[in-house]
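Let me begin by presenting the structure, written as structure tokens, before commenting on it.
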Amino acid sequence: MHFPGVLGLTAYSSRYAEEFRDCANCIYHVHRNDGLATDEFPSPYAHPTRNFSVDNPFSLWRAVAGILQPPMTQSLAGSSSKVARMLTVLGVGQGVGRLNLMADVHRLLGRNWERRLRLDPSQVERIAQIMFSTTTSAAQKSASLVSEFGFTRWTIEQLPPSIGLFLGSIIVGHHTSTELFQFKRPQTTTTFPQPDEMAQIARIRWPRDVRRDNVRAMLDSTKPVLIATQHLDAGTDGEIREAQEQFLSATWTRYLSQAFGRAFFELRTVLPNPTEPLHVPDLCLSARIYPSNLTYDLTVTENLKQLKEWGEFYNGVAAGLRVVGADVTKVDHEWLTLCHGNDKITPPTAAGLLYAFGLNGHLPNFNTFHVHEVLASLDKFPSIALLLGMAMSKIGTADRQVHKMLTTHLPFLMGPTMLNLKIDPLIQTSAVTGLGILFAQTGHTNVVNKLLNEIGKSLRADEEPSPELSAYKLSAGFAIGLICLGLGDEIEAARPPFKQPLPSIPDRLLALMLGGPRNQCVFIHPQMMTCPEAQAASTTPPQEARSNHVREGPNVNIHMTAHPATIALGLMYMRTGNAAIARELELPATISLLEEIRPDLIFVRVLARSLVLWDEIQPTAEWIDKQIPSVIHDYAKSVLKFPSTAEAEISEKEQAYWDEVVDKETVAEVYLYAMSGACFAMSLKYSGIVDDTYKKVSSILEERMQYLMHDFNIESIDWPARHLIRAASRSVVNLCADMMLTSMGILDVGRGKVETIRFARYRRCHDYELSYWSHYLWKYHEEMSLHRAMAMLFLGDGRYGFKRDNLSIALLVMSMYPIVAHNVADNRLYHQPLRFLWTHAVEPRLIVPMCRRRNKPIQCDIEIHFKNTSPSIPYYYGLAPMVLPPLDDVASISLRGPGVEVMQFDLTNEARKQELIEILTAGHGRVPISVTESCLDEHELAQQEDWTLRQIFDHRVERPSCKVTKLAKELERMRMPSSPGGAGDLRWRSIDNAPAVRQYLKTLHTEISRSPPCLSSFIACDVKLASCVAESDGNMSLANRLDIEAQRLEREVM
2 MHFPGVLGLT AYSSRYAEEF RDCANCIYHV HRNDGLATDE FPSPYAHPTR
52 NFSVDNPFSL WRAVAGILQP PMTQSLAGSS SKVARMLTVL GVGQGVGRLN
102 LMADVHRLLG RNWERRLRLD PSQVERIAQI MFSTTTSAAQ KSASLVSEFG
152 FTRWTIEQLP PSIGLFLGSI IVGHHTSTEL FQFKRPQTTT TFPQPDEMAQ
202 IARIRWPRDV RRDNVRAMLD STKPVLIATQ HLDAGTDGEI REAQEQFLSA
252 TWTRYLSQAF GRAFFELRTV LPNPTEPLHV PDLCLSARIY PSNLTYDLTV
302 TENLKQLKEW GEFYNGVAAG LRVVGADVTK VDHEWLTLCH GNDKITPPTA
352 AGLLYAFGLN GHLPNFNTFH VHEVLASLDK FPSIALLLGM AMSKIGTADR
402 QVHKMLTTHL PFLMGPTMLN LKIDPLIQTS AVTGLGILFA QTGHTNVVNK
452 LLNEIGKSLR ADEEPSPELS AYKLSAGFAI GLICLGLGDE IEAARPPFKQ
502 PLPSIPDRLL ALMLGGPRNQ CVFIHPQMMT CPEAQAASTT PPQEARSNHV
552 REGPNVNIHM TAHPATIALG LMYMRTGNAA IARELELPAT ISLLEEIRPD
602 LIFVRVLARS LVLWDEIQPT AEWIDKQIPS VIHDYAKSVL KFPSTAEAEI
652 SEKEQAYWDE VVDKETVAEV YLYAMSGACF AMSLKYSGIV DDTYKKVSSI
702 LEERMQYLMH DFNIESIDWP ARHLIRAASR SVVNLCADMM LTSMGILDVG
752 RGKVETIRFA RYRRCHDYEL SYWSHYLWKY HEEMSLHRAM AMLFLGDGRY
802 GFKRDNLSIA LLVMSMYPIV AHNVADNRLY HQPLRFLWTH AVEPRLIVPM
852 CRRRNKPIQC DIEIHFKNTS PSIPYYYGLA PMVLPPLDDV ASISLRGPGV
902 EVMQFDLTNE ARKQELIEIL TAGHGRVPIS VTESCLDEHE LAQQEDWTLR
952 QIFDHRVERP SCKVTKLAKE LERMRMPSSP GGAGDLRWRS IDNAPAVRQY
1002 LKTLHTEISR SPPCLSSFIA CDVKLASCVA ESDGNMSLAN RLDIEAQRLE
1052 REVM
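One rule links them: number in my numbering = place in the sequence shown (from 1) + 1.
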């Protein structure tokens, strides 16, 4: 800024000093060789031209301010034509009447405005028409001016950041060519992927449909539901009001279950801003009446208030899980406090955020004093969030500080005390689960023995049973399984050989599973009794304690102890192949013994046995049939005519005979539970695989799922499984269908498989009358399961898969445990906050080839070789980007293709394997690859033709019908890559925002019906061409719809 001073331009020196204050101290020394003084420096501007003003220097910021703030004055003296053009775009794009008249243009640019803008004579009229048009919006005008002036992204990036963003926001706000103004492109492979990049990757993976957007819309709970009054089956005002309330109640069931799916879909997709609290989407539980557009809300009763609080809690968990994990970024206590103390969210939502931060490993940064302050309040939601969240943040570490925190909420660990502690049962349930998580895989037998006592002990005479007692005992079983996870044989081997005062842990668990005397599995030391227990023991003779609500006998209550003991045994001996435990878990071989087992326990026993004999799980239908007792197979074939290739009717005489001999309901329920449990175990083992085994497992699951998709309202149907499904109760069929759908989601995790989406959408949309939602209590669990299954297909926006180590499988089993909750606040049989423990079982496995020169994702071939495979299946060949299979099964990965650099990862080399893991985690899956031929994808090739949708429509009208060759060449040049497995059955949103396009398609359809067959295919090609142009303009939604419409038209032509 000292050169203007040297040149004698004092006005410019002061202007630069004002606008560039950071450079005010920069000093430049000018050395003269001609003997003249500095102030005698001859100025080249002694005779300024008309484009340069010595006394009134041009200021870009002042010029922009003159446009934004009235009155607008001419301040372009000394500016270049490019700056004048840019300011013209800003003046038009503001849309506040700045350049509505020619006088305004003269005021800003001068009377010779066309010379100021350096316009060709042919451009003057077009520019004037654009600026003074009354049929287009301000943003459309500005976009047209950008095209006329020849602005590019590089031109805008050279502007000062504030002005460049201002100009870009005006254009991007309306125009569809967002590709021109991408200011947040990743510059390195370690930059966290932005939403636009993930959307571009999704378009490459699924180019022919909008399945990702479709699932996202089904998980959205921010919009009010629309109640169409004219479609309600009601007459009077009272009936209409009742129907509206019933409809909205059903919507609550669906909306409150969507958070469990959103947690999967949006997992770790947001990088937090340290200066702002995390945004939590609203949970909209209201409705709008059509056509009056009035808002309608339910009368909030105590029950609905409880449902809403739990819904807000889980909504906060789903929102908090969007934040990346602690391995990607670190957040401090201030940001955690900022989110937790946000006044714009409710307390349950804030507690849900805390739980989510703990699941992602951020809670250790939470100030310890603040943690104890929250826990001291004994508020239910924050206590549950902190106890489970802190345990998940310190999983498997046996951290002493967290152990103390959990112990203070578990009376059986605190020892004798005179205090009468009243701790909420839900908080105790969370604490006992957190205890197992904290000591996971440590084999701490002292803690295990105390947890066994909690499962088997009876209630005291003065103790009222808690409604959540079953959930508490089940959580204790989970804790035992986690602590001894896969360590069953080692714990038994470490047991001293001489006689012990206590039976072994497996023996006590078997007694709790099969039933037996309580004194054989519950051993409470007198010193560990609380004061009331000790007093009762000293003043009464030894006898079995009896509660004043529940009659407790001398034997354990297997209805409460069988579930926790069974799953604890399965987790304890996971992958050990222990034959003795497997025999104990095997289903009985007779009907009489099977009838003594709770039906829902059949599923758990089959699953637990499969976990023990993990290596024996086979991807065949024969293995599934082996898990079902042979007597059930025989009765199912004789009584229920299943399985059978053809429908077989049962005569009345035969029906009466079998009704006397065997209970058909028992046969059907055992068959369905055992089949579903085996399929769930199979999906856990083969989750994420990509070879031919995947095809076998997928076909098996889809076939078994079709068994359970029966419509109970249809009496006559030619379907072999009809008798089997009708013999079982509806609740059993629904639970098995939910678990089968969950198994399909686990198998296809991250793939976005459209067939699985169709199964889920069928169950979501195939409802009966409104009373079905309120009369059948399993509807909430059904909605939660299908939302969860759909979202698993896009886990973390398609970036994650499930791990297959012992701990990950155990957490998956716990979070998907097959117990039906009646509503979002029902924690009687299962503690529903545990549904989110799967977050520790995921790992990033998306691999994305990136063009090294343009830093953009591309598609190329990928070849995967596996370890220990048969010669008939040496490798897998597919397309990347894709979610890789578990790396422990992979020997090598190669990225190759025409014109693409070959990139190979030999995973038998540990250094190369760690390099790939670093790419998948820190690099977010990006693999830089050199492209030797062309780095332009179809999207960019289409952009080389500077067409708009209006021009493509006009082009079709103007060209003669005989010029089909030109159209074919244009279509070939702009053709999108083909992709198998289209989604014609998915539902598409109507093109309400583009009536002209809708009318255009309608006209095409009319012409096809009237044109000769030889020309009909060429007319359909117009829609394809329009789809390519829409894609080049960045309007992917319209492009996909046009493409689908073109496919439909082609089918009609055929």
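Backbone N, C-alpha and C define an ideal beta-carbon position, used for all residues, glycine too.
Inter-residue distance for phenylalanine 681 and serine 145 is about 57 Å (C-alpha atoms, whole angstroms). Two segments are said to touch when three or more pairs of C-beta atoms, one from each, lie closer than 8 Å; by this definition the region 691 to 705 touches the region 731 to 747.
Beta-bridge partners assigned by DSSP to proline 518: Asn556.
For phenylalanine 440, the closest of Pro426, Thr398, Lys474, Ile428 by C-alpha to C-alpha distance is Thr398. Here asparagine 304 is exposed. Its C-beta has fewer than 16 other C-beta atoms within 10 Å. Taking a C-beta distance under 9 Å as the contact criterion, tryptophan 624 and methionine 575 do not qualify as a contact pair.
Annotated as distal: aspartate 862 and tyrosine 877, with beta-carbon spacing of 9 Å or more. If you ignore the 5 residues before and after glutamate 115, its C-beta comes within less than 6 Å of the C-beta of Val125, all in its own chain and listed in chain order. Boundaries for arginine 836: no alpha helix (DSSP H) harbours it, and the DSSP string shows neither H nor E there.
Runs of the beta strand (DSSP E) lying entirely within the region 846 to 886, each at least 3 residues long, are 847 to 852, 861 to 867, 876 to 881 in chain order. DSSP places glutamine 905 in no alpha helix (DSSP H) but in the uninterrupted beta strand (DSSP E) bounded by 904 to 907.
When the five nearest sequence neighbours on each side are left out, the beta carbons in the same chain lying within less than 7 Å of the beta carbon of valine 403 are those of Met391, Ala392, Lys395, Leu439, in order along the chain. For serine 593, the uninterrupted alpha helix (DSSP H) run begins and ends at 592 to 596, by DSSP. DSSP lists His866, Asp907 as the bridge partner or partners of serine 893.
A direct Cα-Cα distance of roughly 33 Å separates proline 278 from alanine 811. If you look at tyrosine 356, you'll find it in the alpha helix (DSSP H) that goes 348 to 360.
Annotation: alanine 288 to tyrosine 674 spans about 38 Å, alpha carbon to alpha carbon.
Bridge partners of phenylalanine 803 according to DSSP: Val843. Among the bridge pairs identified by DSSP, alanine 288 is matched with Val226, Tyr297. An exposed status is given to valine 903, since fewer than 16 other beta-carbon atoms sit within 10 Å of its beta-carbon. Taking each of Pro850, Val884, Ile920, Ala790 in turn and checking the Cα distance to leucine 896, the smallest one comes out for Pro850. Partner residues in the beta bridge of isoleucine 930, as assigned by DSSP, are Cys852.
A distance below 7 Å between beta-carbons, with the five flanking residues on each side excluded, links histidine 823 to the following residues of its chain, in chain order: Leu778, Tyr781.
Nearest in C-alpha terms to alanine 569, of all of Ser505, Leu486, Thr252, is Leu486. Within the same chain, Cβ atoms closer than 7 Å to the Cβ of isoleucine 758 are found at Arg212, Val216, Met791, Leu794, the five residues on either side in sequence being excluded.
By the neighbour-count criterion, in which a residue is buried when 16 or more other Cβ atoms sit within 10 angstroms of its Cβ, tyrosine 658 is exposed. In the same chain as lysine 914, and ignoring 5 residues on each side of it, the C-beta atoms closer than 6 Å to its own belong to Leu908, in chain order. Residue pairing for valine 324: DSSP places it in a beta bridge opposite Val271. The Cβ atoms of asparagine 294 and glycine 353 do not sit closer than 9 Å to each other. In chain order, Met683, Tyr687, Thr694, Lys697, Val698, Ile701 place their CB closer than 8 Å to the CB of proline 620, counting only its own chain and leaving out the 5 sequence neighbours on each side.
By DSSP's assignment, valine 901 forms a beta bridge with Val932.
Exclusion of the five residues before and after leucine 452 leaves Ala477, Ala480, Ile481 as the residues of its chain whose Cβ lies within less than 6 Å of its Cβ.
Rounded to whole angstroms, the separation of the alpha carbons of histidine 410 and glycine 416 is 12 Å.
Counting along the chain, the unbroken alpha helix (DSSP H) around methionine 740 starts and ends at 731 to 748. Runs of alpha helix (DSSP H) with 4 or more residues, each lying fully within the region 392 to 462, are found at 401 to 408, 412 to 415, 426 to 439, 446 to 457, listed in chain order. Closest in alpha carbon position to phenylalanine 604, among Lys804, Glu587, Pro412, is Glu587.
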